[in-house]
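Enquirer: Structure in structure tokens, see below.
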Amino acid sequence: MLRAAAWTTPVIALATAAPAQAASRCVNKTNFNALTTGTKPTQIAFPGTGVTATLSYVGYGGFTGSSTNGAVQNGPQGGNPNTQKWIKFENDTASYGSGLDVKIVFSEPVNKLSFTLFDLDWADGNHRDAVIATTPPTSFTIASALQGNGTLNNPWRKINVGEIPSTSLNGNVQLNYTGPITEVTFRYFQDLKVQGSNHNQLIGLSDLAFDKCL
Numbered sequence: 086m087l088r089a090a091a092w093t094t095p096v097i098a099l100a101t102a103a104p105a106q107a108a109s110r111c112v113n114k115t116n117f118n119a120l121t122t123g124t125k126p127t128q129i130a131f132p133g134t135g136v137t138a139t140l141s142y143v144g145y146g147g148f149t150g151s152s153t154n155g156a157v158q159n160g161p162q163g164g165n166p167n168t169q170k171w172i173k174f175e176n177d178t179a180s181y182g183s184g185l186d187v188k189i190v191f192s193e194p195v196n197k198l199s200f201t202l203f204d205l206d207w208a209d210g211n212h213r214d215a216v217i218a219t220t221p222p223t224s225f226t227i228a229s230a231l232q233g234n235g236t237l238n239n240p241w242r243k244i245n246v247g248e249i250p251s252t253s254l255n256g257n258v259q260l261n262y263t264g265p266i267t268e269v270t271f272r273y274f275q276d277l278k279v280q281g282s283n284h285n286q287l288i289g290l291s292d293l294a295f296d297k298c299l
């Protein structure tokens, strides 16, 4: 079950259905599957468009990235199949309040941008994933196991203690931006004060998509 929420009052509009083939031609996506597993891309193309997305990361509060932080990984993750690659953000030490600021800059303005963050969970005595959308989305959809609205005072995070299997959709947040937009930022951090050991705090990033037909 997914819950949808909007940052602003929703606009109600009537629309006629467009042919599926025409709609699919409008959507442009990155292709993480074309990237080599284990590499850490800083610039990713939207094939056939000339548009690129540049990724950068800044840790804070004692954040220590793992050896695979920012790296392309094989699935499954966030309920996606083994065949779908994703990018990992991983905090090796996961000290309370530590985190990672992620910035995605597009080479030209894009419209109807969307992407998903995977696997926000809560390991008892270990870590709890939390995300703030420092560039607020137009709307977002969160899994039923999560709460929050992505703000500083109410970040997206899991409602109850418990890790989420990589094969499950229950820890996902989809962010949507109407645009035009050239830059998106979000903050991923650890907000659990009482910690044990053997930290494995990570979330994932899906392919990015935007719509070129307006």
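Position one of the sequence shown corresponds to residue 86 (this note's numbering), numbered consecutively onward. Cβ coordinates follow ideal geometry from the N, Cα and C atoms, glycine included. No experiment lies behind these values; they were computed from the predicted model shown.
Tell me whether the region 116-128 and the region 166-181 touch, counting them as touching only if at least three CB pairs, one residue from each stretch, are closer than 8 Å.
Expert: A contact exists between the region 116-128 and the region 166-181.
Enquirer: Which residue from 244, 254, 183 and 189 puts its Cα closest to that of residue 203?
Expert: Residue 203 has its Cα closest to that of 254, out of 244, 254, 183 and 189.
Enquirer: Excluding the 5 residues flanking residue 201 on each side, which residues of the same chain have their C-beta closer than 6 Å to its C-beta?
Expert: Correct list, in chain order: 257, 259 and 291.
Enquirer: Does the contact criterion of 3 or more C-beta pairs under 8 Å hold for the region 143-163 versus the region 172-179?
Expert: With a cut-off of 8 Å, the region 172-179 and the region 143-163 count as touching, because enough Cβ pairs lie within range.
Enquirer: Let's test the definition: count the other Cβ atoms within 10 Å of the Cβ of residue 128 and tell me whether it reaches 16, buried, or not, exposed.
Expert: Label assigned to residue 128: exposed.
Enquirer: Leaving out the 5 sequence neighbours to the left and right, which residues in its chain are closer than 7 Å to residue 195 when beta-carbon positions are compared?
Expert: Closer than 7 Å at the Cβ level, and outside the excluded window around residue 195, lie 136, 264, 265, 266 and 295.
Enquirer: For residue 292, which of helix, strand or coil comes out of DSSP?
Expert: Residue state, collapsed to three classes: coil.
Enquirer: Pairs of beta-carbons, one from the region 218-229 and one from the region 266-276, closer than 8 Å: are there three or more?
Expert: A contact exists between the region 218-229 and the region 266-276.
Enquirer: Return the chain-ordered ranges of every beta strand (DSSP E) run that is complete within the region 212-248 and spans a minimum of 3 residues.
Expert: Listed in chain order, they are 212-217, 224-228 and 241-243.
Enquirer: Rounded to whole angstroms, what's the CA-CA distance from residue 285 to residue 190? Just pull it up for me.
Expert: One C-alpha to the other measures close to 28 Å.
Enquirer: In or out: residue 235 buried (at least 16 other Cβ within 10 Å) or exposed?
Expert: Under this definition residue 235 is a buried residue.
Enquirer: Would you call the CB atoms of residue 212 and residue 277 closer than 7 Å?
Expert: Result yes, Cβ atoms of residue 212 and residue 277 sit closer than 7 Å.
Enquirer: Please name the residue or residues paired with residue 181 in a DSSP beta bridge.
Expert: The partner list for residue 181 (beta bridge, DSSP) is empty, contrary to what the question assumes.
Enquirer: Give a yes or no on whether the C-beta atoms belonging to residue 183 and residue 146 are separated by under 7 Å.
Expert: Yes, Cβ-Cβ distance for residue 183 and residue 146 is below 7 Å.
Enquirer: Can you have a look at residue 231 and say buried or exposed, based on whether 16 or more other CB atoms are within 10 angstroms of its CB?
Expert: Residue 231 should be labelled buried.
Enquirer: Taking residue 246 as the reference, which of 206, 215, 224 and 123 has the closest Cα?
Expert: Of 206, 215, 224 and 123, the residue nearest in Cα terms is 206.
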